[in-house]
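**Student:** In terms of the numbering used here, the sequence shown has 42 at position 42, counting the first letter as 1, and numbering is strictly consecutive. The C-beta atom is built at its ideal place from N, Cα and C for all residues, glycine as well.
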Amino acid sequence: MSTVDQTDLLRRARGRRAAATPAAAPARPVADGDQAPLSHAQQRMWLMDHLGQGGALYNVPVATRLRGPLDRAALATALTGLTERHAVLRTRYPRRGDQPYQQVDPVTPVPLPVLDATGPEQLAAEAARPFDLATGPVLRAVLLRHGPEDHTLLLTIHHIAIDGGALRFVAEDLAELYRAARDGVPDRLAAPAPSYADYARQERARDAELTAAADTLAAGLSGARPLSLLRPVPPGARERRAVLHTAPLEPAVLEELRVLGARHGATLFTVVLAAAFAALHIASGQDDLVLGCASGHRARPEFRRTVGLAVNTLAVRADPSGDPTFAELLGLVRTALLDAQQHHEVPLDLVVERLGAAARGADGTPLLSVSCDLVQNVDPLVLPGLDTENVELDLGLAKFGLTLLVEDGPEPRCLLQHDGDALDQDTAARLLDAFAALLTAVAGDPRRRLSDLPGERLTIAEHPVVEALSAHPAVVEAAVVDNPGGPPLAYAVVRGPVVPSGTDLRAGLRGRLPAGELPLAVTLVDRLPRHPDGTPDRDRLPGAAPLSDRPAPPSDQAPPQEGPLDVVRQEFGELLGTTAPADGDFFALGGHSLVAVQLAERLRTRTGLPLTGLDILEQRTPRALAALLATRADERSAALARAGARPRTTGARTGTVLLTGATGGVGAAVLQELMAQGRPVRVLVRPESAHLPALNGAEVAEGDLGDLDSLRRAVEGVDAVIHSACTFTDHATDLAAMRALVDGWRGGPFVFVSSIDAYGRPAGTEVAEGGPSGAPVTPYGQAKLDCERILFEAAATGRGQATAVRAPIVWGPHHRLRDQLRWGATGPLYQAALAGLPIAVPPADAWYGASWVHSAALARALTACLTPDHPAAGRVVNAVSGHVSWADFTTELVRLLGSDSPVAATPDAEEELHRPWHYRADTLAGPLAPEPGEDWRDVLAAMVR
1 MSTVDQTDLL RRARGRRAAA TPAAAPARPV ADGDQAPLSH AQQRMWLMDH
51 LGQGGALYNV PVATRLRGPL DRAALATALT GLTERHAVLR TRYPRRGDQP
101 YQQVDPVTPV PLPVLDATGP EQLAAEAARP FDLATGPVLR AVLLRHGPED
151 HTLLLTIHHI AIDGGALRFV AEDLAELYRA ARDGVPDRLA APAPSYADYA
201 RQERARDAEL TAAADTLAAG LSGARPLSLL RPVPPGARER RAVLHTAPLE
251 PAVLEELRVL GARHGATLFT VVLAAAFAAL HIASGQDDLV LGCASGHRAR
301 PEFRRTVGLA VNTLAVRADP SGDPTFAELL GLVRTALLDA QQHHEVPLDL
351 VVERLGAAAR GADGTPLLSV SCDLVQNVDP LVLPGLDTEN VELDLGLAKF
401 GLTLLVEDGP EPRCLLQHDG DALDQDTAAR LLDAFAALLT AVAGDPRRRL
451 SDLPGERLTI AEHPVVEALS AHPAVVEAAV VDNPGGPPLA YAVVRGPVVP
501 SGTDLRAGLR GRLPAGELPL AVTLVDRLPR HPDGTPDRDR LPGAAPLSDR
551 PAPPSDQAPP QEGPLDVVRQ EFGELLGTTA PADGDFFALG GHSLVAVQLA
601 ERLRTRTGLP LTGLDILEQR TPRALAALLA TRADERSAAL ARAGARPRTT
651 GARTGTVLLT GATGGVGAAV LQELMAQGRP VRVLVRPESA HLPALNGAEV
701 AEGDLGDLDS LRRAVEGVDA VIHSACTFTD HATDLAAMRA LVDGWRGGPF
751 VFVSSIDAYG RPAGTEVAEG GPSGAPVTPY GQAKLDCERI LFEAAATGRG
801 QATAVRAPIV WGPHHRLRDQ LRWGATGPLY QAALAGLPIA VPPADAWYGA
851 SWVHSAALAR ALTACLTPDH PAAGRVVNAV SGHVSWADFT TELVRLLGSD
901 SPVAATPDAE EELHRPWHYR ADTLAGPLAP EPGEDWRDVL AAMVR
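(1) To which residues does DSSP link S881 through a beta bridge?
(2) From M943 to G665, what does the alpha carbon distance come to, in whole angstroms?
(3) Can you list, in chain order, the residues of its chain whose CB lies under 6 Å from that of S295, leaving out five sequence neighbours each side?
(4) Cβ of S369 within 7 Å of Cβ of L230?
(5) For A864, which residues of its own chain have a beta-carbon under 6 Å away from its beta-carbon, when the five flanking residues on both sides are left out?
(6) Where does C865 fall in DSSP's three states?
(7) Tell me the rounded alpha-carbon separation between A492 and G511.
(8) Can you name the residues that DSSP bridges to I839?
(9) For A468, which residues in the same chain have their Cβ closer than 7 Å to its Cβ, ignoring the five residues on either side in sequence?
(10) Note down, one range per segment and in chain order, each beta strand (DSSP E) of at least 3 residues found wholly within the segment 451-525.
(11) Which value, in whole angstroms, describes the spacing of the CA atoms of L402 and G331?
(12) For the alpha helix (DSSP H) holding Q42, just list the boundary residues, first then last.
(13) Which whole-angstrom value is the C-beta distance of A152 and N59, which I expect to be below 8 Å?
(14) Using 10 angstroms around the beta-carbon of A171, count the other beta-carbons present and answer buried if the total reaches 16, otherwise exposed.
(15) If you reduce the DSSP assignment to three classes, tell me which class F750 lands in.
(16) Please confirm if the segment 200-212 is in contact with the segment 262-272, defined as three or more CB-CB distances below 8 Å between the two stretches.
(17) By DSSP, does E389 sit in helix, in strand, or in coil?
(18) Look at L565 and A662 and say whether their C-beta atoms are less than 7 Å apart.
(19) What are the partner residues of E103, as DSSP defines its beta bridges?
(20) If we count the other Cβ atoms within 10 Å of its Cβ and call it buried at 16 or more, is A925 buried or exposed?
(21) Taking R201 as part of the alpha helix (DSSP H), name the residues at either end of that continuous run.
(22) Within 10 angstroms of its Cβ, does P26 collect 16 or more other Cβ (buried), or is it exposed?
(23) Between which two residues does the alpha helix (DSSP H) harbouring D709 extend?
(24) If contacts are defined as beta-carbon pairs under 8 Å, then C787 and F752 qualify, I think. What distance do you get, rounded to the angstrom?
(25) Assuming the contact rule is C-beta atoms closer than 8 Å, A434 and P412 should be a hit. Round their C-beta distance to whole Å, please.
(26) Just reading off the beta strand (DSSP E) that G165 is part of, what are its end residues?
(27) What residues in its chain sit with their C-beta under 6 Å from that of D150, if we drop five residues either side in the sequence?
(28) Is the segment 115-128 touching the segment 41-52, taking contact as three or more C-beta pairs under 8 Å?
(29) Could you tell me which of V805, E766, R746 sits nearest to S755, measuring between CA atoms?
(30) Considering only residues of the same chain and omitting the five flanking positions on each side of S451, which have a CB-CB separation below 6 Å?
(31) Just to confirm, is the Cβ distance from T607 to L629 under 7 Å?
(32) Can you give the Cα-Cα distance for L374 and L674, rounded to whole angstroms?
(33) Within 10 angstroms of the Cβ of V841, are there 16 or more other Cβ atoms? Answer buried if so, exposed if not.
(34) Taking L950 as the reference, which of V939, R225, R72 has the closest Cα?
(35) Kindly indicate which three-state DSSP category R761 falls into: helix, strand or coil?
(36) Cutting at 6 Å between CB atoms, please list the residues of its own chain near A949, excluding the five before and the five after it.
Structure follows, in structure tokens:
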């Protein structure tokens with residue numbers, strides 16, 4: 001057996017889950033702007049993203065190696081046709097109040113950037129880039145070029161828009177659309193199936209029926225508890241890093257298992273599921289187990305080929321007690337699985353909501369933390385005229401604490417994937433060995449009793465502190481409790497004529513453990529209070545926080561402010577329908593993910609302090625939440641004091657500047673500049689990012705560009721606006737946002753951060769401020785022109801002075817600006833230098849290069865435009881720090897990266913690099929004057945390092 005890199009299990013699993021494909025009923029056309037509720041499965045995806053627990057975990061990447069004469073233009077056309085055919089691929093997910101909804105956007109060309117391939121890390125990094133569900137898109141495509149006729153196509157789709165069964169339909173449609181575009185003929189595709197929005201509407205229309213069924217299923221899970229082998233995972237957002245182990249399985253064994261299933265009226269998957277129950281029963285000693293398995297959710301014929309998220313997780317409960325034979329256990333599991341499949345349309349989230357606190361163990365481990373599946377390799381995406389093969393892609397993330405799988409195929413294997421935080425690798429490896437041996441044993445003789453099958457009782461590897469404490473001869477029992485605010489807390493039971501103190505025990509750990517693993521303290525107790533499953537009972541451990549993982553203040557300190565505590569308890573009670581005690585647990589009181597989002601929204605409104613749904617899930621009790629809110633109030637007051645400001649009481653303070661995009665690379669620099677000047681600032685940010693600007697003392701207005709009402713509320717009462725937020729790709733949203741801001745603008749300066757892309761490709765090489773645009777203008781540049789027009793038309797009615805500041809590439813130390821260096825306009829050059837590949841730049845017969853501006857200089861320029869009657873008022877001006885040739889830029893980049901890339905001037909350089917323009921920036925020359933550290937070489941070095 002060996003530990004290997006994680007393979008793309010979702011893509012393998014789609015082979016088993018792909019539904020039959022009868023002809024679909026004609027679909028009604030999907031109108032642009034069409035809105036629909038989210039399906040229950042989508043709601044779960046949205047909640048995970050909104051709670052900060054999404055990241056790349058729900059990215060679905062499909063990578064295909066394409067060898068041969070690829071028609072890039074035809075592929076780009078086919079991708080656009082794919083989104084036209086399947087509206088869910090051009091759907092975004094804004095929200096109205098605390099309820100998200102599906103918003104179908106118009107068909108626009110799908111970008112297909114071409115990058116020189118640099119290695120597997122490049123592919124994984126691109127696949128792991130997060131999505132913005134509110135602004136979209138939810139589908140990305142990139143083409144990596146290995147050679148003139150050798151490419152890798154990477155399609156990455158957010159799970160909210162796709163599942164394993166639908167990947168097959170997407171691949172088939174893309175192949176036909178590519179053929180048609182390449183040959184210049186109509187495609188031969190049948191009419192598309194009904195839209196996913198229709199699917200969601202039909203599901204929501206059955207909510208009353210589904211809710212009643214969920215009550216029944218929840219009752220059937222009463223008393224169940226999680227697998228005891230899994231240890232509690234740290235609360236809050238984390239990587240969920242996965243480890244995958246594999247063990248070979250003889251092909252003959254798999255065939256014998258298939259025959260065994262047929263004899264008992266069961267599928268191969270049911271046999272594998274029964275083996276998983278047996279292996280886990282033997283390893284844990286638990287008689288009552290619940291496992292999850294994926295179920296296709298396309299039972300209705302009209303939706304068989306609908307692309308979208310139509311998969312559900314079934315909770316299968318079985319009791320292997322009484323030492324049955326494996327054949328008898330197979331019958332029990334078959335019945336349990338059939339019962340679960342009878343309710344395959346009942347969303348698991350509805351069941352979990354009804355379980356309430358019973359959906360988790362006493363230590364917070366979810367009831368459904370273990371899953372089982374049968375996976376198989378499937379054919380790659382096939383594009384006519386090309387040789388294609390699948391490219392394995394490892395994102396290394398785990399959705400479950402533990403997953404047992406069998407891979408069906410010519411070389412079958414057993415696989416075990418686990419969350420590295422939930423199970424140690426040694427225990428996982430032993431469990432997989434036992435699982436593989438058990439499958440082989442029951443294939444030969446299914447009449448063997450479970451007690452006679454391979455396997456052993458496994459125990460979780462001890463925490464290093466517990467292991468070290470237990471080595472002391474006086475310690476008879478020890479436990480450790482994680483402390484998110486610092487080092488862990490340790491507890492020990494000691495016996496003997498001469499016993500050490502807790503201080504003595506901690507001192508003794510110094511020679512056995514690294515300093516970073518030492519506990520904050522070792523507390524002596526007469527016995528360790530434990531839950532029935534053996535985990536420490538935090539409520540009864542001295543000094544350990546009850547459930548909230550946050551210690552209560554010592555008695556000699558002031559308790560948390562009673563005001564926030566009263567407010568929190570009141571909101572708890574109104575949403576959960578019960579009077580919440582100060583230490584009442586959110587989950588025990590009936591809370592779940594959606595309620596967490598709603599509670600955070602209410603508390604943000606009541607207190608004016610940043611709070612997210614993830615904070616609710618982490619803190620869990622009113623007392624802990626009140627303490628957190630008090631802390632954030634103190635942080636905000638301190639930041640405001642440092643900036644020479646005072647908290648707002650009623651309405652906006654005189655001179656308040658509304659800043660959009662405050663968490664972006666430009667906005668963060670502008671916020672810092674405004675605060676340094678002592679100006680009162682109101683920032684528009686999403687709720688999950690509200691704490692970031694708040695730490696700088698800004699007033700927070702929650703919302704985003706897709707929520708027009710939030711924009712109108714944010715601009716109300718302010719005396720100036722700096723609008724730096726932009727979606728970059730969703731131009732309709734950018735225009736609508738500008739209209740909403742202008743509608744609410746009632747006076748004072750309005751500064752819009754535009755782009756030199758608005759100039760297009762102008763005549764000549766020196767571009768005057770506000771000069772005419774030259775064709776062609778990119779869609780992004782045209783959106784900037786349209787926003788400028790909206791602003792100046794409003795200013796002409798006498799509302800106030802308006803300025804459009806056109807900026808080039810922005811360089812600075814912010815992480816988003818670093819990402820733009822790596823993946824934006826300069827991305828191909830950066831990636832080539834990183835990989836040591838040859839870099840082609842335009843010939844030296846003329847100057848070609850990039851205009852750029854330092855983020856701090858741009859911030860000074862933008863704030864200068866707020867001055868009454870500034871020379872920039874009523875004009876389009878430029879903000880440019882300088883111009884650097886591509887030859888100088890790439891040479892410096894190669895040096896900073898320590899690369900061996902040769903840089904050659906050639907007419908074959910990418911057309912986008914043929915940029916001969918210098919942009920005048922006379923009006924804002926003063927604030928743009930470089931300060932120490934703002935030379936292009938200095939800032940580039942800071943971004944690369």
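**Tutor:** Reading from the atomic positions:
(1) Paired residues: none, contrary to the question.
(2) 12 Å
(3) N312, L314, H344
(4) yes
(5) P927
(6) coil
(7) 18 Å
(8) V903
(9) L509, R512, L513
(10) 475-481, 489-494, 521-524
(11) 24 Å
(12) 40-50
(13) The amino acid at residue 152 is misidentified as Ala; the sequence shows Thr. Between N59 and T152 the Cβ distance is about 17 Å, and since that is not below 8 Å, they are no contact.
(14) buried
(15) strand
(16) no
(17) strand
(18) no
(19) Residue identity differs from the one stated: residue 103 is Gln in this sequence, not Glu. According to DSSP, Q103 bridges with Q35, R92.
(20) exposed
(21) 196-205
(22) Annotation note: pLDDT 42 at P26 (below 50); position unreliable, coordinate value reported separately. With fewer than 16 other Cβ atoms within 10 Å, it is exposed.
(23) 708-715
(24) 6 Å
(25) Not quite, the Cβ-Cβ distance comes to about 17 Å (not below 8 Å), so this is no contact.
(26) Segment 164-183 is the alpha helix (DSSP H) holding G165; no beta strand (DSSP E) there.
(27) R67
(28) no
(29) V805
(30) D323
(31) yes
(32) 57 Å
(33) buried
(34) Nothing in the structure corresponds to residue 950, since the chain is present only between 1 and 945.
(35) coil
(36) One cannot answer for residue 949 here, as it falls past the ends of the chain, which runs 1 to 945.
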